[in-house]
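19 is the number of the first residue of the sequence shown in this note's numbering; add one for each residue after it.
A short write-up of the structure that comes next.
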Amino acid sequence: MCVHPLPTHGGMMDSHVLRKMAWRLPALADIAVLRFNTRGTTSAAGTSDGAFDEGRGEGLDLAAAIAETVERGLPAPWLVGWSFGTDVVIKHGNVDPVRGAVLLSPPLRFSTDADLDQWAASGRRLSLLVPEFDDYLQPEAARARFARVPQAEVVGVDDAKHLWVGERHVSRVLSEIVARVAPEHAPLPTTWAGDMTRWSDL
């Protein structure tokens with residue numbers, strides 16, 4: 019279940035890493051991917067209701083998505099937050115039946131130490147992929163900030179930047195996610211022998 023980057027700066031459910039995740043993980047690793055726009059976010063699918071709320075109201079959007087998985091009897095989800103999405107996950111994703119979370123480029127802009135302490139108390143798995151050249155929080159600083167969460171795993175990614183531009187960085191992100199969510203399918207294959215018909219995911 020994916021929570022996208024900052025919508026006031028172009029983040030949405032179609033942001034490139036999340037879109038590639040939705041294409042590749044079901045086909046290559048048998049992992050279902052749910053993407054959605056938080057309130058007031060615009061993408062090719064349209065604009066969602068509501069207005070940007072700095073990670074507060076977006077928690078209700080995440081709660082609704084989690085509730086939908088429960089109602090449909092789907093497996094307990096993992097959460098993947100990217101940038102702003104990591105703040106939403108940290109603040110609101112530490113709930114049952116969530117199994118754990120993978121955080122991409124966490125800026126810790128809206129999250130507090132109290133939020134991190136709740137993750138620590140829960141014991142719920144938390145993995146971070148932090149770019150070497152991140153604009154907001156680089157690996158060593160991330161290790162210091164997340165030291166209060168004993169189960170947090172901080173993985174520094176050499177040469178990467180906040181937006182994970184470039185196929186080698188996207189492939190690394192997706193492979194790291196698969197290694198945690200469905201290790202039996204790791205490493206993520208880099209080739210696809212199936213149908214290559216172009217399709218729309220709208």
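All C-beta atoms, glycine included, are put in the ideal place defined by N, C-alpha and C.
It should be emphasised that the depicted structure is a prediction, and the values quoted were computed from it without experimental measurement.
Residue environment, H110, which counts as buried when at least 16 other CB atoms sit within 10 Å = Taking the first residue of the sequence shown as 1, we reach residue 110 at position 92. H110 comes out buried.
So S189 packs on T215, CB below 8 Å; how close in whole Å?
-> Here residue 189 corresponds to residue number 171 of the sequence shown, with the count starting at 1. Here residue 215 corresponds to residue number 197 of the sequence shown, with the count starting at 1. 22 Å between Cβ atoms; not a contact.
Could you say which of R142, A138, P124, P125 lies nearest to D114 if we only look at CA atoms?
-> As a first step, residue 114 must be located in the sequence shown, where it is residue number 96. Closest option to D114, Cα to Cα, is R142.
Among G212, H203, R57, which residue has its Cα nearest to the Cα of D48?
-> Your numbering for residue 48 matches position 30 in the sequence shown. Ranking the options by Cα distance to D48, first place goes to H203.
Let me know if E194 comes out buried or exposed under the rule of 16 or more other beta-carbons within 10 Å of its beta-carbon.
-> Position 176 of the sequence shown holds residue 194. That one is buried.
Helix, strand or coil for W96, going by three-state DSSP, please let me know.
-> Position 78 of the sequence shown holds residue 96. W96: strand per DSSP, three-state reduction.
Between W7 and the rest of its own chain, which residues show a CB-CB distance below 6 Å, the 5 nearest in sequence each way excluded?
-> It is not possible to answer for residue 7, since the shown part of the chain is limited to 19 through 220.
Would you give the residue range spanned by the alpha helix (DSSP H) that S145 belongs to?
-> Taking the sequence shown and counting its residues from 1, one reaches residue 145 at position 127. Note, S145: premise wrong, no alpha helix (DSSP H); beta strand (DSSP E) at 143–149.
Residue nearest to A119 in terms of C-alpha spacing, selected from F102, V98, C20 = For the purposes of this step, residue 119 is identified with residue 101 of the sequence shown, where counting begins at 1. It is V98.
What are the start and end residues of the alpha helix (DSSP H) that includes L2?
-> Residue 2 lies beyond the range of the chain shown here (19 to 220); nothing can be said about it.
DSSP state of T208 mapped onto helix, strand, coil | The sequence position of residue 208 within the sequence shown is 190, counting from 1. If DSSP states are grouped into helix, strand and coil, T208 belongs with coil.
Roughly how many whole angstroms lie between the Cα atoms of D135 and T104?
-> In the sequence shown, residue 135 corresponds to position 117, counting from 1. In the sequence shown, residue 104 corresponds to position 86, counting from 1. Cα to Cα, the separation comes out at about 15 Å.
Residue nearest to S123 in terms of C-alpha spacing, selected from H187, P201, A197 | The residue given as residue 123 occupies position 105 in the sequence shown. With distances taken between Cα atoms, S123 lies closest to H187.
Across which residues does DSSP place A162 in a beta bridge pair?
-> Against the sequence shown, residue 162 aligns to sequence position 144. In the DSSP output, where bridge partners are listed per residue, A162 has none listed.
So G174 is in the beta strand (DSSP E); what residue range does that whole segment cover?
-> By one-based count along the sequence shown, residue 174 stands at place 156. 170–175 is the extent of the beta strand (DSSP E) around G174.
Taking buried to mean at least 16 other C-beta atoms within 10 Å of its own C-beta, is R53 buried or exposed?
-> Your numbering for residue 53 matches position 35 in the sequence shown. R53 is buried by the Cβ-count criterion.
Please name the residue or residues paired with A119 in a DSSP beta bridge.
-> On the sequence shown, residue 119 is found 101 positions in, with the first residue counted as 1. A119 is bridged to L97, L144.
8 Å contact criterion, which P95 and R117 should meet: CB distance rounded | In the sequence shown, the residue the question calls residue 95 occupies position 77. In the sequence shown, the residue the question calls residue 117 occupies position 99. The pair is a contact, with the Cβ atoms about 7 Å apart (cut-off 8 Å).
Please name the residue or residues paired with T60 in a DSSP beta bridge.
-> The residue given as residue 60 occupies position 42 in the sequence shown. DSSP lists T65 as partners of T60.
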